[in-house]
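The structure under discussion appears below in the form of structure tokens.
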Amino acid sequence: ENKRYEKIFRDAGVKFYELPLADQEAWRKKVARSSFEDYVKKMEKTGYPNARKILQRYGELLGYKPWEYSE
């Protein structure tokens, strides 16, 4: 399915760039944890005191753990 959309974008002239692994890791360290923290704080303020636990469990189910990244 993704390949189909990629072809549509390429046919429309969109250029794709491959981000080197070192840059991907640097991006994760700078963005993933702060995005996670911002979202958790927002949800806690709106009345979800278990937002952190819920999001951590969701990440575990997906195999994604942004809270493990730090600067």
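Following this note's numbering, the numbering of the sequence shown begins with 176 at its first residue and continues without gaps.
Heads up, the beta-carbon is just placed ideally off N, CA and C, and yes, glycines get one too.
Distance between residue j and residue i (C-alpha atoms, nearest Å)
i, j, result
"residue 237", "residue 196", "20 Å"
"residue 200", "residue 214", "21 Å"
"residue 239", "residue 179", "26 Å"
"residue 181", "residue 205", "27 Å"
"residue 183", "residue 224", "43 Å"
"residue 192", "residue 198", "12 Å"
"residue 209", "residue 217", "12 Å"
"residue 228", "residue 202", "24 Å"
"residue 189", "residue 176", "17 Å"
"residue 232", "residue 207", "16 Å"
"residue 221", "residue 187", "41 Å"
CB contact flag (residue i, residue j, <9 Å)
i, j, result
"residue 226", "residue 219", "yes"
For residue j and residue i, believed in contact at Cβ under 8 Å, the rounded distance
i, j, result
"residue 230", "residue 211", "7 Å"
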